[in-house]
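Heads up, the thing below is written out as structure tokens.
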Amino acid sequence: QVRLVESGGGLVQPGGSLRLSCVASVHILSANSMGWHRQAPGKQRELVAGITSRGVTNYADSVKGRFTISRDNAKNTVYLQMDSLKPQDTAVYYCNYWSSPYNYWGQGTQVTVSS
Numbered sequence: 827q828v829r830l831v832e833s834g835g836g837l838v839q840p841g842g843s844l845r846l847s848c849v850a851s852v853h854i855l856s857a858n859s860m861g862w863h864r865q866a867p868g869k870q871r872e873l874v875a876g877i878t879s880r881g882v883t884n885y886a887d888s889v890k891g892r893f894t895i896s897r898d899n900a901k902n903t904v905y906l907q908m909d910s911l912k913p914q915d916t917a918v919y920y921c922n923y924w925s926s927p928y929n930y931w932g933q934g935t936q937v938t939v940s941s
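This note's numbering runs 826 ahead of the 1-based position in the sequence shown.
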């Protein structure tokens, strides 16, 4: 069983920044990949950014150039640095740990971008 605990969400004005953290209860390099997904009200959950065990990253087109995923292996933590935030980034952000065939999720952290 893998436990994921997210933190760092909150209310920020448009153009502002937030950094999300996800602490895993296991070594994150044991995962095939880890990532951040988000779900806005009335919408499907979508992938925001991912990082493989080899360090390869990928991003949704809507966040490229604004968001950065990174990790600290020693702390078993994955981060999502979010800059130039827009109101359309408002959502609950979930951390994901995938180790085939198992998929684990955190409880989510709310990000609200509003003036």
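Each residue gets a CB set at the ideal place from its N, CA and C atoms; glycine is no exception.
query: With distances taken Cα to Cα, identify the nearest neighbour of Val831 among Leu844, Val904, Gly841 and Pro840.; result: Val904
query: Using a Cβ-Cβ cutoff of less than 6 Å, which residues in the same chain neighbour Arg892 once the five nearest sequence positions on both sides are dropped?; result: Asp909 and Ser910
query: Quick one: using the 10 Å Cβ neighbour count with 16 as the cut-off for buried, is Gly836 buried or exposed?; result: exposed
query: Can you give the Cα-Cα distance for Val828 and Asp887, rounded to whole angstroms?; result: 29 Å
query: By the DSSP assignment, the beta strand (DSSP E) with Arg897 in it spans what residues?; result: Phe893 to Asp898
query: Can you tell me whether His863 is buried or exposed, with buried defined as 16 or more other CB within 10 angstroms of its CB?; result: buried
query: Taking 8 Å as the threshold (C-beta atoms), are Thr916 and Val889 in contact?; result: no
query: Taking its Cβ as the centre, do 16 or more other Cβ atoms sit within 10 Å of Arg897, making it buried, or is it exposed?; result: buried
query: Could you tell me the boundaries of the beta strand (DSSP E) in which Arg880 lies?; result: From DSSP, Arg880 is part of no beta strand (DSSP E); its letter is neither H nor E.
query: Who pairs with Gly861 in a beta bridge, going by DSSP?; result: Gly876 and Asn922
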